[in-house]
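Participant:
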Ligand code: AMP
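Residue numbers (my numbering): 142 to 338.
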């Protein structure tokens, strides 16, 4: 049973590393950004509600986002643990998640903080924009998301640091090097990979 959160600025590689780490630990990766993008692509009611917000690089409301996460974590595959990517993204969402997990007598085991210098993350987002054409990877969208990260998301790390569950990981290097660093830090906490990994 491993419950993880990965945090990092846009372009830090948290989505890619999140999937790798989730696989290694045999838990589902739950990315709120992916859930919202999927809903927009499907044209579902949720998608219609969040499309303009995502394109501007703003945050979807805490209530809606937290409801989406509660639903997802209530599915059977998340009963044995999960890796959250992109949620919580502000201190209010930390409190929503705490309340939800407390209700299940659970807590986060570790928070992976991916540290990438600002120039490097901007360069990576620009590359992704060229390759994938994400609709929020415009110049304004990127600047807005980085500003929101500094203002709203970085403070959640301070909350988790007081609980001694944050591992700061250097996010510069090859994909394999970074994955190995994260796994080493989690193993040092006594968190184990699954045999299948
Ligand atoms: P991401 O893929 O994590 O960069 O998320 C893409 C977009 O989805 C963000 O810019 C927000 O508009 C929205 N989003 C993702 N996670 C959250 C969250 N926890 N709270 C509010 N909005 C979110």
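Glycine residues also receive a C-beta, built at the ideal position from the N, C-alpha and C atoms.
Based on Cα-Cα distance, which residue from 162, 304, 158 lies nearest to residue 222?
Facilitator: Looking at the Cα atoms, 162 is the closest of the given residues.
Participant: Only counting the same chain, and skipping five residues up and downstream in sequence, which positions put a Cβ closer than 8 Å to that of residue 287?
Facilitator: Same-chain partners within the cutoff: 150, 151, 259, 262, 263.
Participant: Under 7 Å between the Cβ atoms of residue 159 and residue 226?
Facilitator: It is a contact, given that the beta carbons lie within the stated cut-off.
Participant: Just the Cα atoms here: how many angstroms apart are residue 148 and residue 255?
Facilitator: Looking at the two C-alpha atoms, the distance is approximately 6 Å.
Participant: Would you check whether ligand 2 has a heavy atom nearer than 6 Å to the C-beta of residue 162?
Facilitator: This structure does not include ligand 2; its bound ligands are ligand 1.
Participant: On the DSSP letters alone, give me the boundaries of the alpha helix (DSSP H) that residue 178 sits inside.
Facilitator: Unbroken alpha helix (DSSP H) run through residue 178: 173-183.
Participant: How many whole angstroms separate the CB atoms of residue 250 and residue 144, which I take to be in contact at a CB cut-off of 8 Å?
Facilitator: Correct: roughly 5 Å between the Cβ atoms.
Participant: Can you tell me where the alpha helix (DSSP H) with residue 143 in it begins and where it stops?
Facilitator: Here residue 143 belongs to no alpha helix (DSSP H); instead the beta strand (DSSP E) covers 143-148.
Participant: Beta carbon of residue 195: closer than 6 Å to some heavy atom of ligand 1?
Facilitator: It does: the Cβ of residue 195 is within 6 Å (strictly closer) of some heavy atom of ligand 1.
Participant: For residue 277 and residue 331, which I take to be in contact (beta-carbon distance under 8 Å), what is that distance rounded to the nearest angstrom?
Facilitator: Not confirmed; about 38 Å, so no contact.
Participant: What three-state label does DSSP hand residue 200 in the structure shown?
Facilitator: In the structure shown, residue 200 sits in coil (DSSP, three-state: anything other than H, G, I, E or B).
Participant: Is any beta-carbon of chain C found at less than 7 Å from that of residue 305?
Facilitator: In the structure shown, chain C does not exist; there is a single protein chain.
Participant: Rounded to the nearest angstrom, how far is the Cβ of residue 230 from that of residue 293, given a contact under 8 Å?
Facilitator: The pair is a contact, with the Cβ atoms about 7 Å apart (cut-off 8 Å).
Participant: Can you give the Cα-Cα distance for residue 335 and residue 279, rounded to whole angstroms?
Facilitator: Those two C-alpha atoms are separated by around 39 Å.
Participant: Relative to the C-alpha of residue 211, which candidate in 238, 200, 190, 194 has its C-alpha closest?
Facilitator: Of 238, 200, 190, 194, the residue nearest in Cα terms is 238.
Participant: DSSP state of residue 302, grouped into three classes?
Facilitator: Helix, per DSSP.
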